[in-house]
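Beneath this line is the structure, given in structure tokens, with notes to follow.
There are 2 protein chains.
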Amino acid sequence: MFLAMNRFRVLPGSEAAFEEAWRARDGRLGEMPGFVEFHLLRGPSSDGHTLYASHTIWRDEAAFQAWTTSEQFRSVHRSAGERKVLYDGHPELETFTDVEGV
Amino acid sequence: MFLAMNRFRVLPGSEAAFEEAWRARDGRLGEMPGFVEFHLLRGPSSDGHTLYASHTIWRDEAAFQAWTTSEQFRSVHRSAGERKVLYDGHPELETFTDVEGV
Numbered sequence: 106m107f108l109a110m111n112r113f114r115v116l117p118g119s120e121a122a123f124e125e126a127w128r129a130r131d132g133r134l135g136e137m138p139g140f141v142e143f144h145l146l147r148g149p150s151s152d153g154h155t156l157y158a159s160h161t162i163w164r165d166e167a168a169f170q171a172w173t174t175s176e177q178f179r180s181v182h183r184s185a186g187e188r189k190v191l192y193d194g195h196p197e198l199e200t201f202t203d204v205e206g207v
Numbered sequence: 106m107f108l109a110m111n112r113f114r115v116l117p118g119s120e121a122a123f124e125e126a127w128r129a130r131d132g133r134l135g136e137m138p139g140f141v142e143f144h145l146l147r148g149p150s151s152d153g154h155t156l157y158a159s160h161t162i163w164r165d166e167a168a169f170q171a172w173t174t175s176e177q178f179r180s181v182h183r184s185a186g187e188r189k190v191l192y193d194g195h196p197e198l199e200t201f202t203d204v205e206g207v
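Protein chains in written order, with my numbering: chain A, 106 to 207; chain B, 106 to 207.
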């Protein structure tokens with residue numbers, strides 16, 4: 106299990122636009138070899154923002170890295186600039202590997 | 106989908122003890138109604154620590170809340186104090202709900 110989470114601090118009033126932008130995108134993740142599962146998650150609201158996280162599970166790190174250099178990745182990030190969403194700072198990517206699980 | 110992540114900043118040299126403590130615990134999460142899946146994840150190393158996260162998926166927030174007041178929860182956290190692990194700060198709990206997914 107390889108988990109890529111991108112953390113977004115969305116400013117008050119931009120939450121609905123942020124969620125709508127994700128619903129409207131054409132991510133095409135399902136076309137990528139090694140893609141397992143994607144969720145957009147809403148986290149806690151505090152300190153003047155709401156934390157959101159994209160939560161994508163890949164078979165392994167190689168599958169994730171292949172996606173970051175794919176045409177699908179470039180395509181979906183080209184349209185990201187059109188979003189009318191205000192953020193507190195830049196998104197923060199964190200990746201995780203499985204130590205153990207049940 | 107309801108995700109509870111507890112973030113641990115483990116100091117250099119304590120990583121193996123931290124992982125071993127999780128392997129050795131008797132979490133009994135599988136006994137809890139609404140429990141879906143647990144993983145211990147290792148994240149990036151930077152700024153003098155390695156980020157780990159417990160990553161537990163519950164059917165819904167009510168199932169998670171029921172666990173936090175259960176005998177299983179008290180039991181597993183009683184033994185947490187015995188761990189010979191050094192942290193940078195306290196663990197940080199973040200919970201997330203599903204906005205959308207594929």
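The beta-carbon is built from N, C-alpha and C at its ideal position, and this holds for glycine as well.
Check your understanding: Ends of the alpha helix (DSSP H) at S180/B?
Key -> In the DSSP assignment, S180/B falls within the alpha helix (DSSP H) that extends over 176-183.
TODO: Within its chain, find whatever has a CB closer than 7 Å to the CB of D203/A; leave out the 5 residues flanking it on each side and keep chain order.
DONE: If we look at D203/A and ignore the five residues flanking it on each side, its Cβ neighbours are M106.
message = If the cut-off is 8 Å on Cβ atoms, which residues from the region 143-165 of chain A count as contacting chain B, listed in chain order?
response = From the region 143-165 of chain A, only F143, H144, L145, L146, R147, G148, P149, L156, Y157, A158, H160 have a Cβ closer than 8 Å to chain B.
Measure the Cβ-Cβ separation of A122/B and K189/B and say whether it is below 7 Å. Yes, Cβ-Cβ distance for A122/B and K189/B is below 7 Å.
* **Status (buried if at least 16 other CB within 10 Å, exposed otherwise) for S180/B** => Per the 10 Å Cβ criterion, exposed.
request  = Using a Cβ cut-off of 8 Å, pull out every chain B residue sitting near G118/A, in sequence order please.
outcome  = Ordered by position in chain B, no residue passes the 8 Å Cβ test against G118/A, which lies about 17 Å from the chain.
Using CA coordinates, which residue listed in R147/B, F178/B, P196/B, R164/B is at the minimum distance from R133/B?
By alpha-carbon distance to R133/B, the top candidate from R147/B, F178/B, P196/B, R164/B is F178/B.
message = Between which two residues does the beta strand (DSSP E) holding E197/A run?
response = Counted as a single uninterrupted DSSP element, the beta strand (DSSP E) harbouring E197/A occupies residues 197-206.
Checklist entry - Around the C-beta of A158/B, are 16 or more other C-beta atoms found within 10 angstroms, so that it is buried, or is it exposed? => result A158/B should be labelled buried.
What distance in whole Å lies between the Cβ atoms of L116/B and Y192/B, which are believed to be in contact at a cut-off of 8 Å? Right, the Cβ-Cβ distance comes to about 7 Å (below 8 Å), so this counts as a contact.
- Short Cβ contact (7 Å threshold) for R114/B with G194/B: Cβ distance < 7 Å, so R114/B and G194/B count as in contact.
* Could you check the C-alpha separation between F140/B and H160/A for me, to the nearest Å? => About 19 Å.
- Mind reading off the beta-carbon distance from E205/B to L145/A? Whole number of angstroms is fine, and I expect it under 8 Å. Between E205/B and L145/A, the beta carbon gap of about 5 Å places them in contact (Cβ cut-off 8 Å).
Q) Along chain A, which residues have their Cβ under 7 Å away from the Cβ of D203/B? A) Identification of chain A residues near D203/B by a Cβ-Cβ cut-off of 7 Å yields H144, L146, ordered along the chain.
Quick one: is V190/B near chain A, going by C-beta distance under 7 Å?
-> False, the Cβ-Cβ gap to chain A never drops below 7 Å.
inquiry  = Between A121/B and the ligand PLP, is there a pair consisting of the residue's CB and a ligand heavy atom that are separated by less than 6 Å?
reply    = Looking at this structure, you won't find the ligand PLP or any other ligand, since it has none at all.
query: Between the beta-carbon of F201/A and the beta-carbon of G148/B, is there less than 7 Å?
result: Yes. Within cutoff.
H182/A classed as buried or exposed, judged by whether at least 16 other C-beta atoms fall within 10 angstroms: H182/A is exposed by the Cβ-count criterion.
Relative to the C-alpha of P196/A, which residue among M137/A, H154/A, R128/A, E176/A is closest? The candidate whose alpha carbon is nearest that of P196/A is H154/A.
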